[in-house]
Amino acid sequence: MKPCSCDTFVALPPATVGNRIIFGKNSDRLCDEVQEVVYFPAAVHDNVEEHLKCTYIEIVQVPETYAVVLSRPAWLWGAEMGANEHGVCIGNEAVWGREEVSDEEALLGMDLVRLGLERADTAEKALSVIVDLLERYGQGGNCTEGGMEFSYHNSFLIADRNEAWILETAGKYWAAEKVQEGVRNISNQLSVTTKIDREHPDMRNYAKQKGWWDGKKEFDFAATYSYLDTAKMTTSSGRYCEGYKLLNKHRGNITFETMMDILRDKPSGINMEGGFLTTASMVSILPQDSSIPCIHFFTGTPDPERSIFKPFLFVPNISQLLETSSPTFELEDPVKKKSQPRIRPDRRHPLYQNHQQALKVKENDKEKANKMMDDMRKLEKGLFKEMETILENKCIDVDKVVNLFSQCVKDEIKIYKSNINP
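Numbered by this note's numbering, the letters in the sequence shown go through residues 11 to 432 in order.
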């Protein structure tokens, strides 16, 4: 079963405006799955014997972890996408190929996203963290909550202020491509071809042993480990190609608002609808000037076209993001063991609940729906203007932004409530 269709994008100078790297991702998941936006502060772990409980397995903890903000399916430990205090951003995609997928419980690709963010202060270090963990613990396990079994390999787009890396995996084997300028995207297919800047030491030998590569022609990771004709990747129909075309359409003029427009694009299929839909979206601004703060926008709700991108900045003393945090269930352990029956508790957080109620208004009252969308875009445009001021002035009013994301969520909820219960 391969219905999942995420997209992750990065644009680097000279494709962007203002000497900034722009990162963006849509998380496309089951339509009834709730995604939350959560913050975890930096931490020191003094107990060297301490183990870290991920979604399915426990792994060795490290002495120090960085502060992270994550957009994640509310039932698991890891994340679909997120950023850390050092300006590292990661998103992952489901991929399949010739190497068999394992449903044995190991690290999910989403666990690896969070681990890379918590343990690395550059994009390349995050890549090293992920491949080291992949080698030690493997990847696998059910990627959905409930009765459906759904497992896959993973590709990752990892970016920081200076560069980006595409990391693609097939079981324990992997290849990585460094991106230093222009545009790049990943979707639900292998896309690293002959430009391989780092790789698993036995990746080529394994492919040769399996009969996938003759050892003579130029090695092409995507062609070897999948069934793709890589010469047609950017011209054939498909989400990878559509994303590539949208990025290149705006090459040289890409801003964070451009990236949001791409994530909102429905004709291309990037903004997905149906049984699998875009359940949450993220856009990050990573200025190459280290004196300028990074800004990360999250929706925390389905369909970016009818959601607000709300800004988050890393500053001291951030409180937990209550309105986008799902309820916890202390007596429940629904995903830890395959032998246990899966249950689907109500994980809707306050923003999600109000967003879904507002959807009914949109469907039943066009006049109210138009007013609501006008109010939402007015709020969003004001936030964009405010963030541009921060970027241009190179300074942050810490007291003003410490609760900025939470306040934006509250303002968004007010818009929904004013139209739900006038």
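Just so it is clear, CB atoms sit at the ideal spot from N, CA and C, and this is done for glycine as well.
Do Ile168 and Gly126 have their beta-carbon atoms positioned less than 8 Å apart in this structure?
yes
Look at the Cβ atom of Glu267, then the Cβ atom of Phe394, and state whether they are nearer than 8 Å.
yes
Near Leu256, which residues of its chain fall below 8 Å by C-beta distance, leaving aside the five closest residues on each side in sequence?
Ile272, Asp275, Ser278 and Ile280
Are there 16 or more other CB atoms within 10 angstroms of the CB of Gly181, so buried, or fewer, so exposed?
buried
I need the DSSP call for Asp299, collapsed to helix, strand or coil.
coil
Among all the DSSP beta bridges, which residues are the ones paired with Arg146?
Per DSSP, none; premise fails for Arg146.
Could you tell me how far apart the beta carbons of Leu117 and Gln149 are, in whole angstroms, since I believe they sit closer than 8 Å?
5 Å
Find the nearest neighbour of Ala52 within the set Leu401, Ala130 and Pro83, judged by alpha-carbon distance.
Ala130
Whose C-beta lies closer than 6 Å to the C-beta of Asp170 among residues of the same chain, with five residues either side of it excluded?
Gly97, Val98, Thr132 and Ala133
Give, in chain order, every unbroken run of the beta strand (DSSP E) that is at least 3 residues long and sits entirely within the segment 281-325.
286-297, 305-308 and 320-322
Whole angstroms is fine: what's the gap from Leu389's alpha carbon to Glu396's?
11 Å
Do Ile295 and Arg30 come within 8 Å of each other at the CB atom, strictly closer than that value?
yes
Kindly indicate which three-state DSSP category Asp428 falls into: helix, strand or coil?
Looking at the sequence shown, residue 428 is not Asp but Ser. Here Ser428 sits in helix by DSSP.
Classify Pro277 as helix, strand or coil using the three-state DSSP reduction.
coil
Could you give the distance in angstroms between the alpha-carbon of Gln219 and the alpha-carbon of Arg208?
21 Å
Around the Cβ of Ala241, are there at least 16 other Cβ atoms within 10 angstroms (buried) or fewer (exposed)?
exposed
Where does the unbroken alpha helix (DSSP H) through Arg214 begin, and where does it stop?
Met213 to Gln219
Would DSSP call Gly119 helix, strand or coil?
helix
Give the single residue among Gly310, Phe324 and Asn164 whose Cα lies nearest to the Cα of Met292.
Gly310
Need the endpoints of the alpha helix (DSSP H) that Asp409 sits in, please.
Val408 to Val411
Taking the alpha carbon of Met120 as the reference point, which residue from Glu109, Glu110, Leu143 and Arg108 has its own alpha carbon closest?
Leu143
Within the segment 28-61, ranges of the alpha helix (DSSP H) (whole runs, at least 4 residues):
none
What separation, rounded to the nearest whole angstrom, lies between the Cα atoms of Gln190 and Gln298?
12 Å
Touch test, the segment 25-43 against the segment 53-66, Cβ-Cβ under 8 Å, three pairs minimum
no
For Ala185, which beta-bridge partners are listed by DSSP?
Glu178 and Glu209
Does Ile328 come out as helix, strand or coil in the three-state DSSP assignment?
coil
Helix, strand or coil: how does DSSP classify Ala192 here?
Looking at the sequence provided, one finds Gly at residue 192 rather than Ala. In the structure shown, Gly192 sits in a strand (DSSP, three-state: E or B).
Span separating the alpha-carbon of Asn374 from that of Ile430
11 Å
Met158 - DSSP class collapsed to helix/strand/coil
coil
Go through its chain and collect everything with a Cβ distance to Ala21's Cβ below 6 Å, but skip five positions before and after it.
Ile32, Val193 and Ile264
Rounded to whole angstroms, how far is the Cβ of Phe324 from the Cβ of Val47, which I believe are closer than 8 Å?
About 14 Å; that fails the 8 Å criterion.
Does Ser236 come out as helix, strand or coil in the three-state DSSP assignment?
coil
Can you tell me which residues form a DSSP beta bridge with Pro83?
Gln45
Check whether the segment 198-208 and the segment 220-227 touch, using three or more Cβ-Cβ pairs below 8 Å as the test.
no
Taking Pro312 as the reference, which of Lys188, His306, Phe322 and Met282 has the closest Cα?
Met282
Report the partner residues of Met397 according to the DSSP bridge assignment.
None, per the DSSP bridge assignment.
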